[in-house]
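Residue numbers (this note's numbering): 36 to 621. Structure record follows, encoded as structure tokens.
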RNA sequence: GCGCUUGUAGCUCAGCUGGAUAGAGCAUCGGCCUUCUAAGCCGAGGGUCGCAGGUUCGACUCCUGCCAAGCGUGCCA
């Protein structure tokens with residue numbers, strides 16, 4: 036409908052040009068919007084006000100000219116000039132009713148589009164270090180990322196979801212050492228656990244299982260473990276030096292093969308847990324991409340070589356630097372440390388090179404907002420590699436601050452003191468959690484009140500939308516109990532009986548579904564879909580309270596049934612797109 | 001200090017990329033269940049859109065400068 040009006044206006048602009056009222060070179064973008072107020076009709080354009088200045092006339096006069104030359108269309112039954120120069124369109128009600136038939140015909144397909152035209156898009160998200168269970172902060176990234184991916188799929192992109200597994204580097208060494216130290220405790224050794232180790236209970240569980248399965252194979256006397264290790268911070272030393280020394284000691288005492296066993300024991304348990312957790316949350320990935328493999332197959336070396344060949348690497352203070360400041364970064368960055376180890380940044384360069392080599396038209400990274408400072412250096416690296424950095428889109432998700440009532444909850448992976456995604460799901464359920472996460476704009480700081488989300492009653496907006504769906508189902512059950520049958524065609528032939536204010540409101544909302552979906556996808560703003568669903572549910576509940584659907588009059592009854600079934604269909608389409616259930620009764 | 005993000009009702013947040021009288025939920029107050037589920041509906045109160053300028057027919061929206069909050073500013077990841 037919108038497109039139709041745009042093309043009508045386009046024609047008028049051409050006529051104005053040919054009459055010399057408008058400059059031929061002028062090529063205005065024509066804006067047609069849904070009106071907020073029904074008194075302003077169904078659609079409105081600001082075209083006359085935009086063109087008033089170049090046409091050297093006042094907006095209302097120009098608007099009158101536009102209206103007078105606007106080609107007639109059977110769908111438009113009234114055009115009005117209003118306010119400072121708005122042109123308002125009133126759409127023929129019969130035309131509006133078409134949406135009900137269309138929704139019925141297309142069913143679950145309704146609203147999907149092909150605007151993405153099969154372009155290959157990769158969405159990388161969550162990618163939490165496999166050093167512990169996912170917490171509620173990761174949950175937001177998971178919900179947002181999968182919503183983005185599903186929305187893009189719905190509008191015709193070829194989407195691939197990926198989780199980048201940071202299974203290499205120092206954090207994993209700390210994890211491995213933490214597991215090993217807990218394992219030694221299981222064996223009966225007495226060791227002081229480092230301040231900087233992972234202190235969570237799950238580490239003990241892994242250690243317990245390791246001990247149960249492999250006995251004392253990895254046991255070493257505690258004297259050897261702690262001998263000549265620099266003091267921890269609690270003893271007035273440096274906690275980083277302390278843990279690094281313990282890592283080295285673990286590697287020496289165990290040898291690379293046994294050390295790797297402990298490493299694998301930790302990684303497989305934690306990663307398995309993460310996979311299962313996400314799956315239960317309704318989030319799946321096509322690819323779990325291992326950083327370790329990237330390291331082992333020479334990709335990092337290759338990436339560094341390419342940077343070097345392009346003249347972007349230099350040595351300083353024993354380290355190798357990437358001169359990212361030439362390409363818009365604040366300062367240059369180290370890629371190989373003076374001890375010969377590559378930095379996380381180096382493997383990330385290789386990872387992004389790999390992504391682009393895989394031929395995606397667009398690569399979307401969803402990062403926690405605390406990584407925003409990282410964007411310029413990644414872009415710099417992509418430019419240096421000669422890649423098209425405009426293919427990269429980084430979406431930031433602000434952290435959720437957790438509250439329980441007014442009490443702010445701590446969030447620290449290292450101390451093991453955090454609320455897990457699993458806990459959240461078991462407290463509030465998958466549906467509420469997903470809805471809640473995606474309800475807010477992603478770049479908005481979010482206060483997540485567990486007490487509020489836990490209250491299973493009125494405060495969870497997800498129930499409001501689900502209830503609307505369940506209510507329609509309930510009406511259909513009632514229809515059955517009364518011994519009536521739904522007569523689809525009779526209803527469709529009498530849609531013009533739907534002339535109540537609330538009925539027209541629903542129809543208007545329904546007609547916005549497709550464009551809402553498209554906008555939500557292209558702008559990466561799933562909350563728009565949530566807001567749409569709340570509005571539709573609100574329209575429905577209001578209607579439900581004001582009018583009886585199951586009337587004695589079969590024509591009216593069936594017309595209304597068609598309307599509420601279309602509503603049910605759209606609620607179901609929207610909710611299932613967000614991976615939220617659509618209960619038939621509540 | 002510099003950079004990014006944010007600032008809208010008592011609280012949590014929308015505001016369709018510059019449009020018409022700034023909206024919703026919660027909370028407060030007042031109504032609606034012998035009639036399709038009251039997890040619902042209707043009504044009332046509540047606003048200097050952080051502050052000050054600027055741009056134009058028009059600014060919550062764009063620009064500049066302040067103020068405030070969060071994050072970043074590692075040879076950590």
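From the three backbone atoms N, C-alpha and C, an ideal C-beta is built for every residue, glycine too.
Reducing DSSP to helix, strand and coil, say where residue i ends up.
i, result
"residue 159", "strand"
"residue 182", "helix"
"residue 304", "helix"
"residue 403", "strand"
"residue 126", "strand"
"residue 270", "helix"
"residue 327", "helix"
"residue 435", "strand"
"residue 377", "strand"
"residue 502", "helix"
"residue 73", "helix"
"residue 170", "strand"
"residue 79", "strand"
"residue 68", "strand"
"residue 585", "coil"
Quick check: the Cα distance between residue i and residue j, rounded to an integer number of angstroms?
i, j, result
"residue 224", "residue 467", "45 Å"
"residue 593", "residue 307", "51 Å"
"residue 365", "residue 253", "46 Å"
"residue 428", "residue 399", "5 Å"
"residue 143", "residue 193", "19 Å"
"residue 322", "residue 195", "8 Å"
"residue 136", "residue 42", "24 Å"
"residue 273", "residue 231", "10 Å"
"residue 197", "residue 368", "26 Å"
"residue 563", "residue 470", "12 Å"
"residue 482", "residue 393", "38 Å"
"residue 24", "residue 510", "Nothing can be reported for residue 24, as the shown portion of the chain is limited to 36 through 621."
"residue 608", "residue 552", "10 Å"
"residue 250", "residue 239", "15 Å"
"residue 157", "residue 319", "13 Å"
"residue 616", "residue 257", "53 Å"
Taking C-beta to C-beta, are residue i and residue j nearer than 8 Å?
i, j, result
"residue 337", "residue 203", "no"
"residue 396", "residue 155", "yes"
"residue 545", "residue 605", "yes"
"residue 324", "residue 199", "yes"
"residue 229", "residue 279", "no"
"residue 514", "residue 585", "yes"
"residue 410", "residue 160", "no"
"residue 24", "residue 242", "Here the chain comprises residues numbered 36 to 621, so residue 24 is not present and cannot be evaluated."
"residue 245", "residue 218", "yes"
"residue 74", "residue 432", "no"
"residue 104", "residue 114", "no"
In the DSSP assignment, the alpha helix (DSSP H) including residue i goes from what residue to what residue?
i, result
"residue 356", "No alpha helix (DSSP H) contains residue 356, which is instead part of the beta strand (DSSP E) from 354–357."
"residue 605", "589–612"
"residue 473", "465–474"
"residue 334", "334–344"
"residue 540", "536–546"
"residue 237", "236–249"
"residue 198", "Careful: residue 198 lies outside any alpha helix (DSSP H), inside the beta strand (DSSP E) at 193–200."
"residue 635", "The chain is shown from 36 up to 621; residue 635 falls before or after that span and cannot be answered."
"residue 37", "37–53"
"residue 260", "257–261"
In terms of residues, what are the limits of the beta strand (DSSP E) holding residue i?
i, result
"residue 422", "Taken as a continuous stretch (DSSP letters only), residue 422 belongs to no beta strand (DSSP E), as it is neither H nor E."
"residue 481", "481–484"
"residue 478", "First-last for residue 478: undefined, no H or E at that position."
"residue 112", "111–117"
"residue 532", "Where residue 532 is concerned, there is no enclosing beta strand (DSSP E), given that its DSSP letter is neither H nor E."
"residue 219", "It is not in any beta strand (DSSP E) - residue 219 instead sits in the alpha helix (DSSP H) that spans 205–222."
"residue 350", "348–351"
"residue 368", "368–371"
Is residue i a contact residue of the ligand PLP, with contact defined as CB to any heavy atom under 7 Å?
i, result
"residue 413", "Ligands in the displayed structure: none, and consequently the ligand PLP is not present."
Stretch pair the segment 545–559 + the segment 452–467: three plus CB contacts closer than 8 Å: Cβ pair count under 8 Å is below three, so no.
Counting Cβ pairs closer than 8 Å, one from the segment 373–391 and one from the segment 329–345, do we hit at least three? Put simply, the segment 373–391 touches the segment 329–345. At least three CB pairs are less than 8 Å apart.
At least three beta-carbon pairs within less than 8 Å, the segment 344–362 to the segment 205–215: Too few Cβ pairs lie closer than 8 Å, so no.
For the segment 571–590 against the segment 503–520, do three or more pairs of beta-carbon atoms, one drawn from each stretch, fall closer than 8 Å, so that the two count as touching? Yes: the two stretches touch, three or more of their Cβ pairs being nearer than 8 Å.
Could you tell me whether the segment 598–613 touches the segment 180–190, using the rule of 3 or more Cβ pairs below 8 Å? Cβ pair count under 8 Å is three or more, so yes.
Inter-stretch contact (C-beta, 8 Å, three-pair minimum) for the segment 112–126 and the segment 66–83: With a cut-off of 8 Å, the segment 66–83 and the segment 112–126 count as touching, because enough Cβ pairs lie within range.
With three or more beta-carbon pairs closer than 8 Å as the criterion, would you say the segment 594–602 touches the segment 520–536? With a cut-off of 8 Å on Cβ pairs, the segment 594–602 is in contact with the segment 520–536, counting three or more such pairs.
Does the segment 451–460 touch the segment 156–176, meaning 3 or more C-beta pairs lie closer than 8 Å? The segment 156–176, when compared against the segment 451–460, does touch it at the 8 Å Cβ threshold.
May I ask you to verify whether the segment 354–363 touches the segment 295–315, counting CB pairs closer than 8 Å and requiring at least 3? Result no; under three Cβ-Cβ pairs closer than 8 Å.
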